[in-house]
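There are 2 protein chains.
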Amino acid sequence: MITEQRAARMDISDLKDRIVAGDRRALSRAITLIESTRADHRDQAAALIEALKSVDREAIRIGLSGTPGVGKSTFIESFGMMLTAQRLRVAVLAVDPSSTRSGGSILGDKTRMDRLSRDPNAFIRPSPSRSHLGGVARRTREAVTLCEAAGFDVVLIETVGVGQSETVVAEMSDLFILLLAPAGGDELQGVKRGIMEMADIILVNKADGDLKPAAMRTCSDYAGALRLLRKRPQDPEGFPKATTVSALHEEGLRQAWDEMMTLVNWRRDHGHFAGRRAEQARYWFGEEVRQGLLAQLATPSAQAVMQDYAERVAKGDMTPTIAAAEVLERLHS
Amino acid sequence: MITEQRAARMDISDLKDRIVAGDRRALSRAITLIESTRADHRDQAAALIEALKSVDREAIRIGLSGTPGVGKSTFIESFGMMLTAQRLRVAVLAVDPSSTRSGGSILGDKTRMDRLSRDPNAFIRPSPSRSHLGGVARRTREAVTLCEAAGFDVVLIETVGVGQSETVVAEMSDLFILLLAPAGGDELQGVKRGIMEMADIILVNKADGDLKPAAMRTCSDYAGALRLLRKRPQDPEGFPKATTVSALHEEGLRQAWDEMMTLVNWRRDHGHFAGRRAEQARYWFGEEVRQGLLAQLATPSAQAVMQDYAERVAKGDMTPTIAAAEVLERLHS
Numbered sequence: 069m070i071t072e073q074r075a076a077r078m079d080i081s082d083l084k085d086r087i088v089a090g091d092r093r094a095l096s097r098a099i100t101l102i103e104s105t106r107a108d109h110r111d112q113a114a115a116l117i118e119a120l121k122s123v124d125r126e127a128i129r130i131g132l133s134g135t136p137g138v139g140k141s142t143f144i145e146s147f148g149m150m151l152t153a154q155r156l157r158v159a160v161l162a163v164d165p166s167s168t169r170s171g172g173s174i175l176g177d178k179t180r181m182d183r184l185s186r187d188p189n190a191f192i193r194p195s196p197s198r199s200h201l202g203g204v205a206r207r208t209r210e211a212v213t214l215c216e217a218a219g220f221d222v223v224l225i226e227t228v229g230v231g232q233s234e235t236v237v238a239e240m241s242d243l244f245i246l247l248l249a250p251a252g253g254d255e256l257q258g259v260k261r262g263i264m265e266m267a268d269i270i271l272v273n274k275a276d277g278d279l280k281p282a283a284m285r286t287c288s289d290y291a292g293a294l295r296l297l298r299k300r301p302q303d304p305e306g307f308p309k310a311t312t313v314s315a316l317h318e319e320g321l322r323q324a325w326d327e328m329m330t331l332v333n334w335r336r337d338h339g340h341f342a343g344r345r346a347e348q349a350r351y352w353f354g355e356e357v358r359q360g361l362l363a364q365l366a367t368p369s370a371q372a373v374m375q376d377y378a379e380r381v382a383k384g385d386m387t388p389t390i391a392a393a394e395v396l397e398r399l400h401s
Numbered sequence: 069m070i071t072e073q074r075a076a077r078m079d080i081s082d083l084k085d086r087i088v089a090g091d092r093r094a095l096s097r098a099i100t101l102i103e104s105t106r107a108d109h110r111d112q113a114a115a116l117i118e119a120l121k122s123v124d125r126e127a128i129r130i131g132l133s134g135t136p137g138v139g140k141s142t143f144i145e146s147f148g149m150m151l152t153a154q155r156l157r158v159a160v161l162a163v164d165p166s167s168t169r170s171g172g173s174i175l176g177d178k179t180r181m182d183r184l185s186r187d188p189n190a191f192i193r194p195s196p197s198r199s200h201l202g203g204v205a206r207r208t209r210e211a212v213t214l215c216e217a218a219g220f221d222v223v224l225i226e227t228v229g230v231g232q233s234e235t236v237v238a239e240m241s242d243l244f245i246l247l248l249a250p251a252g253g254d255e256l257q258g259v260k261r262g263i264m265e266m267a268d269i270i271l272v273n274k275a276d277g278d279l280k281p282a283a284m285r286t287c288s289d290y291a292g293a294l295r296l297l298r299k300r301p302q303d304p305e306g307f308p309k310a311t312t313v314s315a316l317h318e319e320g321l322r323q324a325w326d327e328m329m330t331l332v333n334w335r336r337d338h339g340h341f342a343g344r345r346a347e348q349a350r351y352w353f354g355e356e357v358r359q360g361l362l363a364q365l366a367t368p369s370a371q372a373v374m375q376d377y378a379e380r381v382a383k384g385d386m387t388p389t390i391a392a393a394e395v396l397e398r399l400h401s
């Protein structure tokens with residue numbers, strides 16, 4: 069891993085050329101650069117992303133969500149190996165806003181995907197820790213752009229199935245895949261409806277051994293539920309759909325990939341693929357403006373003012389509305 | 069309903085006195101005033117809320133969430149009548165951010181609660197339509213304050229069980245109640261985990277007739293699930309809890325109220341009641357500051373700038389990051 073000092077000295081044009089030439093070390097360095105929060109690094113990162121805009125390469129960006137225990141690492145490893153066996157180049161990134169709390173980041177340990185991490189056609193980048201979701205989103209979006217420019221055919225963006233991270237990942241993916249385990253019959257483990265509605269394809273993993281019947285049943289339950297959802301204009305007949313896989317036994321992976329390609333090709337033919345990317349760019353533009361406005365509250369002086377007023381509000385000396393009006397006046401003066 | 073012109077002429081000090089004296093028409097007028105978006109009305113509303121701060125009355129604020137079909141109106145009517153029969157005064161408010169989409173606001177039709185709306189000890193205020201969640205939140209918070217100052221003992225804040233409105237309601241309630249119907253065995257109808265974690269008491273309604281066994285089973289399922297959650301410091305042993313009611317047959321309502329009072333009294337004795345209100349005031353203060361900052365984007369000129377850059381971003385002429393940086397510079401110049 070490169071130090072911040074060395075990153076600062078990097079020549080952006082040279083870095084761009086090496087990324088485009090497929091230099092993995094250059095790609096790693098560039099991702100470290102975009103992960104840096106130093107102002108000069110941010111400027112360099114923006115320049116790099118701008119320079120890479122002219123590179124006309126397009127990967128299929130696949131968002132993958134699944135709660136802990138569904139076999140996500142095993143799936144990524146098996147699915148990734150299946151793709152590289154077809155001479156496709158695969159990059160794996162992660163969005164994990166919870167990494168600070170859980171004490172370890174997903175993908176933090178490459179040994180979780182031992183075979184894939186040693187595959188020359190695969191590139192695995194662990195999730196950076198200590199960052200808030202807004203920062204993670206920008207970092208990952210930019211890393212996707214870098215991997216695309218580096219010539220990867222597929223970029224897998226992994227996230228844990230909790231909180232808002234699915235929305236973040238779905239908004240930077242061409243396809244959003246939900247990985248589930250066979251249901252244990254506990255209704256409360258049910259997938260949030262909003263997440264199910266984001267999914268293009270639901271994969272029920274662990275369709276092997278004793279769990280196979282439960283996996284088939286779960287798949288059929290979800291297939292039924294998906295049929296109840298309104299058909300989306302960006303989908304051909306039969307999508308979104310649910311199917312079973314066994315990452316452990318490497319079964320159903322090729323079929324899953326075929327389904328994904330069917331959907332991608334249909335969307336390309338009907339203009340929805342480019343349309344979705346344009347909508348996503350709009351979304352991220354709006355998000356960056358909003359985050360930029362809220363960043364005014366992150367300075368030490370603003371924090372001190374906020375703290376002071378918050379105390380008065382908590383004590384009941386001021387109403388939230390009046391206190392907020394005074395703070396806004398002070399921020400704008 | 070008062071017109072905006074008449075609201076503008078209201079004397080705030082007089083209005084305050086009449087609210088405190090329990091004049092229902094004055095209360096209605098004051099709520100209309102706080103619902104107005106006119107700048108002069110906003111100023112008057114802030115002055116009124118500030119003036120009412122000195123009134124030392126405290127209602128029990130009960131947030132109530134439930135998806136359509138669980139029997140929320142019937143529950144509010146039966147529960148409200150049970151409270152007024154005990155000589156308690158009950159106000160019912162609603163947070164319904166979806167009212168614009170669904171074409172009708174919850175509580176919009178008082179005939180849904182025919183008996184309660186004619187009860188002199190009850191006050192029902194429909195949810196205002198055409199407003200975004202931020203605005204609804206402030207409106208409802210202020211309406212709660214008005215009802216409290218008007219001497220109501222219980223303020224029920226109803227919301228539909230979709231989206232973010234539960235968080236909004238939970239953040240302005242002393243107790244958060246989740247109303248459920250007996251489960252039909254469909255796993256996907258399961259309550260979102262986050263909402264279950266907010267609930268202080270889960271009430272399974274329709275525990276009558278043919279549905280009674282299913283209601284008992286659903287209640288026992290949720291009771292089991294609640295036991296798996298970590299005990300919260302603001303709760304005595306046995307809370308959060310699940311119990312059954314029949315709003316239609318008016319059964320279990322008194323017991324539900326007793327459970328609520330047990331929780332409220334325990335929290336009062338242990339300082340959690342006032343502590344929660346102080347935390348909520350802090351939260352709303354922060355929210356109002358954030359909404360105030362984002363309001364810069366709502367002006368026509370800012371909208372035009374945003375639109376212009378969004379087009380360029382969607383076409384791929386600019387990256388979201390660079391476009392956002394330019395917009396922020398223009399907003400601050």
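These protein sequence lines map, in sequence, to chains A and B. If you count the first sequence from 1, you need to add 68 to reach the numbering used here. If you count the second sequence from 1, you need to add 68 to reach the numbering used here. Just so you know, even glycine gets a beta-carbon here, dropped at the ideal spot from N, CA and C. Computed from a predicted structure; not experimentally measured.
Taking 8 Å as the CB-CB limit, is residue 84 (chain A) close to chain B? no
Using a Cβ-Cβ distance under 8 Å, would residue 390 (chain B) count as near chain A? yes
Hey, does residue 360 (chain A) have any beta-carbon neighbour from chain B nearer than 8 Å? yes
Pair within 8 Å by beta-carbon distance, residue 120 (chain B) and residue 84 (chain B): yes
Positions along the region 107-130 of chain B whose CB lies within less than 7 Å of some CB in chain A: 114, 117, 118, 121
I want to verify the contact list: residues of chain B whose CB lies under 8 Å from the CB of residue 214 (chain A), in sequence order. In chain order: nothing, as chain B lies at least about 13 Å away.
Could you give the DSSP three-state label for residue 133 (chain B): helix, strand or coil? strand
Cβ neighbours of residue 87 (chain A) in the same chain (closer than 8 Å, five flanking residues each side left out): 94, 95, 98, 120, 214, 217, 218
Residues that residue 372 (chain B) contacts on chain A, provided the C-beta gap is smaller than 7 Å: Within chain A, no residue comes near residue 372 (chain B); the closest Cβ sits about 14 Å away, beyond 7 Å.
I want to verify the contact list: residues of chain B whose CB lies under 9 Å from the CB of residue 237 (chain A), in sequence order. In chain order: nothing, as chain B lies at least about 16 Å away.
Looking at the structure shown, is residue 315 (chain A) part of a helix, part of a strand, or coil, going by DSSP? coil
Any idea what DSSP makes of residue 140 (chain B), helix, strand or coil? helix
Residue 232 (chain A) CB to nearest chain B CB: under 8 Å? no
Neighbourhood of residue 312 (chain A) by C-beta, 7 Å cutoff - its chain only, sequence neighbours within 5 removed: 272, 275, 283, 284, 287, 320
Name the one or two DSSP bridge partners that residue 244 (chain A) has. A:131
Please work out which residues of its chain come closer than 7 Å, Cβ to Cβ, to residue 399 (chain B), disregarding the five sequence neighbours upstream and downstream, and give them in chain order. 364, 370
Would you check if there are 3 or more beta carbon pairs closer than 8 Å linking the region 295-312 of chain B to the region 333-347 of chain B? yes
Would you mind reading off the limits of the alpha helix (DSSP H) that contains residue 355 (chain A)? 340-362
Using a threshold of 8 Å, state whether the C-beta atoms of residue 195 (chain B) and residue 238 (chain B) are closer than that. no
Around the C-beta of residue 58 (chain A), are 16 or more other C-beta atoms found within 10 angstroms, so that it is buried, or is it exposed? Absent from the structure is residue 58 (chain A), since the part of chain A shown begins at 69 and ends at 401.
Just mark residue 211 (chain A) as buried or exposed, buried being the case when its beta carbon has 16 or more other beta carbons within 10 Å. buried
So the alpha helix (DSSP H) residue 305 (chain B) belongs to, where does it begin and stop? Premise fails: residue 305 (chain B) is in no alpha helix (DSSP H) and is neither H nor E.
Please classify residue 392 (chain B) as buried or exposed, where buried requires at least 16 other C-beta atoms within 10 Å of its C-beta. buried
Give the DSSP-derived three-state secondary structure of residue 227 (chain A) in the structure shown. strand
Span of the beta strand (DSSP E) around residue 294 (chain A): Run containing residue 294 (chain A): none in the beta strand (DSSP E); it sits in the alpha helix (DSSP H), 280-296.
Measuring only the C-alpha atoms, how far is residue 171 (chain A) from residue 136 (chain A)? Low confidence applies here, because residue 171 (chain A) scores a pLDDT of 37, under 50, leaving its location unreliable; read the following figure in that light. For residue 171 (chain A) and residue 136 (chain A), the distance between alpha carbons rounds to 15 Å.
Going by Cα to Cα distance, which pick from A:345, A:379, A:356, A:366 is closest to residue 383 (chain B)? A:345
Cα-Cα separation, residue 204 (chain A) to residue 315 (chain A): 28 Å
Rounded C-alpha distance that separates residue 123 (chain B) from residue 104 (chain B): 23 Å
Just to confirm the assignment, what range does the beta strand (DSSP E) spanning residue 162 (chain B) have? 158-163
Just list the residues that DSSP pairs residue 83 (chain A) with in beta bridges. The partner list for residue 83 (chain A) (beta bridge, DSSP) is empty, contrary to what the question assumes.
Going by CA-CA distance only, name the one from B:225, B:114, B:310 that's closest to residue 264 (chain B). B:310
What residues of chain A sit near residue 353 (chain B), judged by a beta carbon separation below 7 Å? 377, 378, 381, 388, 391, 392
Using a beta-carbon distance below 8 Å, is residue 402 (chain A) in contact with chain B? Not covered by the structure: residue 402 (chain A). The range shown for chain A is 69 to 401.
Just the C-alpha distance for residue 296 (chain B) and residue 117 (chain B), rounded to the nearest angstrom, thanks. 41 Å
So residue 222 (chain A) and residue 158 (chain A) are in contact, right, with Cβ under 8 Å, and what is the actual spacing, rounded? 5 Å
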